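Chemist: Pasting a structure here, questions to come.
Residue numbers (our numbering): 154 to 327.
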């Protein structure tokens, strides 16, 4: 049973240490903190701007489908009241959250990653150009050596090649 417990704990540890689980946990924590910021923007800026036309609290906007709408003496709601202000508030919060995430996080990160990719491609391009240049030089050397063998000797007339050692003449003497 001890081995099974160790195996389960090892599996749990491996699960927790995987990068995507940790990234997800960080995203949830940051998202929760970021939600507070966005909610503050909606309540502190957007709400009052909308409130300039009507009221500061979007939640009070509603439509009554069945009279009498309101709250009776016992504190219970009466009638059928559609709270479209709450929907508007949630929609504005979502749109603002999406805009802030996109313009302050996604877009700058995408530009940064694109610049990094361009730099990487530029480095690889230079390296590839150097490799191609070296390959071309080696091909030229090979072609020159092949041409020398075919024509019976080196182009410079030093007598090297064709089985003759360095320092030997055509008759094989030193």
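For each residue, glycine too, the CB sits at the ideal point set by N, CA and C. Owing to the predicted nature of the structure, the values given are computational and were not obtained by experimental measurement.
Identify every residue that forms a DSSP beta bridge with residue 231.
Modeler: The bridge partners DSSP lists for residue 231 are 223.
Chemist: So, at 8 Å on beta carbons, what are the nonlocal neighbours of residue 213 in its own chain, with the 5 sequence-adjacent residues on each side left out?
Modeler: Hits under 8 Å: 238.
Chemist: Which value, in whole angstroms, describes the spacing of the CA atoms of residue 217 and residue 231?
Modeler: 10 Å
Chemist: Looking only at its own chain, which residues have a Cβ that is under 8 Å from the Cβ of residue 169, when we skip the five neighbours before and after it?
Modeler: 175
Chemist: Scan the region 189-213 and note each continuous alpha helix (DSSP H) run of 4 residues or more that stays entirely inside, going in chain order.
Modeler: List check, alpha helix (DSSP H) in window: 200-204.
Chemist: Taking buried to mean at least 16 other C-beta atoms within 10 Å of its own C-beta, is residue 179 buried or exposed?
Modeler: The residue in question, residue 179, is exposed, as its Cβ has fewer than 16 Cβ neighbours within 10 Å.
Chemist: If you count every other CB in all the chains shown that lies within 10 Å of the CB of residue 204, and 16 or more means buried, which is it?
Modeler: exposed
Chemist: Would residue 246 and residue 206 qualify as a contact pair, given that the criterion is a beta-carbon distance under 8 Å?
Modeler: no
Chemist: For residue 258 and residue 228, what's the separation of their Cα atoms in angstroms?
Modeler: Answer to the nearest angstrom: the Cα atoms are 45 Å apart.
Chemist: Can you grab the Cα-Cα spacing for the pair residue 201 / residue 272, in whole Å?
Modeler: 46 Å
Chemist: Does DSSP classify residue 236 as helix, strand or coil?
Modeler: coil
Chemist: Taking the alpha-carbon positions, what's the residue 264 to residue 254 distance?
Modeler: When only Cα atoms are considered, residue 264 and residue 254 end up about 14 Å apart.
Chemist: Smallest Cα separation from residue 220: which of 298, 249 and 234?
Modeler: Selected option, being the one with the closest Cα: 234.
Chemist: Let's test the definition: count the other Cβ atoms within 10 Å of the Cβ of residue 299 and tell me whether it reaches 16, buried, or not, exposed.
Modeler: exposed
Chemist: Given a threshold of 16 other Cβ atoms within 10 Å of its Cβ, counted over all protein chains shown, does residue 225 qualify as buried or as exposed?
Modeler: exposed
Chemist: Taking all protein chains shown into account, decide if residue 291 is buried (16 or more other Cβ within 10 angstroms of its Cβ) or exposed.
Modeler: It is exposed - the Cβ of residue 291 has fewer than 16 other Cβ atoms within 10 Å.
Chemist: Less than 8 Å separating the beta-carbons of residue 191 and residue 250?
Modeler: yes
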